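Below you'll find the structure, written out as structure tokens, and then a few comments.
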Amino acid sequence: MYIAKTFHGLETILAKELTQLGATNIEERKRAVQFDGDQALLYRANLHLRTALRILQPIHYFHAQTEQQLYNKVDEIDWSEYIDVNSTFAIDSVVHSRFFKHSKYIALKTKDAIVDQFRKKTGRRPSIDVERPDLRLNLYINDHRCSLSLDSSGESLHRRGYRTQKNIAPLNEVLAAGMILMSGWKGERFFIDPMCGSGTIPIEAALIARNIAPSIRRTYFGFMRWRNFDAALWKQCRKEAWEKAQALKFPIHGADKLARNIPIATNNAKRAGLASQIQFSQADFLNEGPPSEHEQGVLIMNPPYGERISQHDINAFYKEIGDRLKNHYKGYEAWIISGDQTAIKQVGLRASKKVTLFNGPLECKFRKYELY
Ligand SMILES: C[S@@+](CC[C@H](N)C(=O)[O-])C[C@H]1O[C@@H](n2cnc3c(N)ncnc32)[C@H](O)[C@@H]1O
């Protein structure tokens, strides 16, 4: 059994992705989807899932109400099955509990139990590497119910490997992919993000339209350092993934008012292997309409919100966005995501869909406007 973690609001999309991959016994949970599958499916899930953050493999469920109980339960596992004294490991922990308060401290206790077990047996201990350990563990505590899992992804799957230059407020890649999948767009119409920043939305759109596995360019996954890593199977999964790639059928555009964002977005697209596939240009959305050759299409945008702009100005800005959509984008389906719940209402168009999503800790509204 595996658990794919995601953001709140993307569980159903993730479950659908898992169905398409061939997973079985799929069950939606809070910010996660549980599923069954073999080792090939685990590798494919890490490669192909656009809306998963990590894929965990639970190895131990237990109850604990004190630190000592937790320590003893962690010590029940024979850790030499997973690592040796020369290995590195790390522990992530999430705690919602009456009995345990500080997740970092709980992770430390868990680490002590593992290290002490090796020390008792061998006099030596494995060391910690929080960046790219040989084994990343995930401890989840819900009140007194604890589960320990191996983290097969090793680091969050939103790190596709293409975005190294960031602008001020980039959208998480997993969220961007989730928004596009939610819109139903798969590449069979023109696509535009007129406020593209570092290009996350157009890049994720191009990966979807071309049926390219989002993590195909990653070189590190947790499972690669597991004892049971099957290099030949992994090679086969990657080969299959490349073979599924297809050509773009319709153009994808990204634009931004700030000239300096254009080379950032272009370079990110280049690193994603999509250099010639997305057209980036500098443009002020409030002065322009869509390219004249595209009378219809899908527009997804993530306008600025918040801190630096006064509420009065931001409200006026969102109203102008709404006016521009109404007057210039007939024939388009437009989606806006915003963390500013007051401003998004100023768009002034009737939303045919309203979804709540999270960009990290920030609650956002994602709304659809049909401009016919
Ligand atoms: C929240 S950021 C978008 C981040 C982007 N989704 C990413 O992942 O990098 C908003 C972007 O809108 C751009 N912007 C603001 N006003 C604009 C306008 N009138 N026309 C076009 N772009 C604009 C900003 O320069 C900024 O890059």
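Numbering (my numbering), first residue to last: 77 to 448. Backbone N, C-alpha and C define an ideal beta-carbon position, used for all residues, glycine too. None of the values given here were measured: they were computed from a predicted structure.
Legend entry - Segment contact, 8 Å Cβ cut-off, at least three pairs: the region 364-382 with the region 411-425: yes
Legend entry - Beta bridge counterpart(s) of residue 218 as assigned by DSSP: Residue 218 has 172 and 221 as its beta-bridge partners, per DSSP.
Inset, instruction - Determine which residues share a DSSP beta bridge with residue 192 and list them. - result: Under DSSP, residue 192 shares a beta bridge with no residue.
Inset, instruction - Classify residue 378 as helix, strand or coil using the three-state DSSP reduction. - result: coil
Legend entry - Buried versus exposed, by CB contacts within 10 Å (16 or more), residue 137: exposed
Legend entry - Chain-order list of residues whose beta-carbon lies under 8 Å from that of residue 286 (same chain, five-residue window excluded): 263, 321, 322, 323, 324, 350 and 353
Inset, instruction - Name the two residues that bound the continuous beta strand (DSSP E) containing residue 357. - result: 354-358
Inset, instruction - Assign residue 487 to one of three DSSP states: helix, strand, or coil. - result: In this structure the chain extends from 77 to 448, so residue 487 is not present and cannot be described.
Inset, instruction - Flag this pair as yes or no: are the beta carbons of residue 217 and residue 267 separated by less than 8 Å? - result: Not closer than 8 Å, so no.
Inset, instruction - Verify the contact flag: residue 247, CB atom, against every heavy atom of ligand 1, threshold strictly below 7 Å. - result: yes
Inset, instruction - Verify the contact flag: residue 437, CB atom, against every heavy atom of ligand 1, threshold strictly below 7 Å. - result: no
Legend entry - 3 or more residues per run - each beta strand (DSSP E) lying fully within the region 124-175: 130-139 and 164-172
Inset, instruction - Go ahead and label residue 438 buried or exposed: buried means 16 or more other beta carbons lie within 10 angstroms of its beta carbon, across all protein chains shown. - result: exposed
Inset, instruction - Look up residue 344 in the DSSP assignment and say whether it is helix, strand or coil. - result: helix
Inset, instruction - Check whether the Cβ of residue 474 sits closer than 7 Å to any heavy atom of ligand 1, and report yes or no. - result: Given a span of 77 to 448 for the chain in the structure shown, any question on residue 474 remains unanswerable.
Legend entry - Strand pairing of residue 411, partner residues [DSSP]: 376 and 444
Inset, instruction - Give the single residue among 105, 199 and 370 whose Cα lies nearest to the Cα of residue 408. - result: 370
Legend entry - Any chain D beta carbon closer than 8 Å to residue 127: Although the question refers to chain D, the structure presented lacks it and comprises just one protein chain.
Legend entry - Helix, strand or coil at residue 399 according to DSSP, with G and I counted as helix: Residue 399: helix per DSSP, three-state reduction.
Inset, instruction - Tell me whether the beta-carbon of residue 160 lies closer than 8 Å to the beta-carbon of residue 193. - result: no
Legend entry - Sufficient close CB pairs (3 or more, under 8 Å) joining the region 200-210 to the region 161-169: yes
Inset, instruction - Give a single yes or no on whether residue 482 has its beta carbon closer than 7 Å to a heavy atom of ligand 1. - result: Residue 482 cannot be examined here, being either before or after the span of the chain that is shown, 77 to 448.
Legend entry - Sequence-distant residues of its chain with Cβ nearer than 8 Å to residue 280 (five each side left out): 126, 249, 252, 253, 256 and 290
Inset, instruction - Please state whether DSSP places residue 420 in a helix, a strand or coil. - result: helix
Inset, instruction - Taking only the alpha-carbon atoms, compute the straight-line gap between residue 313 and residue 120 and give it to the nearest angstrom. - result: Taking the straight line joining both Cα atoms gives about 6 Å.
Inset, instruction - Report all residues from its chain with a CB closer than 7 Å to the CB of residue 72; omit the five preceding and five following residues, and keep chain order. - result: The question about residue 72 has no answer, for the chain in this structure spans 77 to 448.
Inset, instruction - Work out the CA separation of residue 394 and residue 428 for me, nearest whole Å. - result: If I take the Cα positions, the gap works out to 18 Å.
Legend entry - Cβ neighbours of residue 157 in the same chain (closer than 8 Å, five flanking residues each side left out): 303
Inset, instruction - State yes or no: is the C-beta of residue 225 within less than 8 Å of the C-beta of residue 134? - result: yes
Inset, instruction - Using a threshold of 8 Å, state whether the C-beta atoms of residue 78 and residue 129 are closer than that. - result: no
Inset, instruction - Entirely within the region 94-127 and at least 3 residues each: give me those beta strand (DSSP E) ranges in chain order. - result: 100-105 and 108-112
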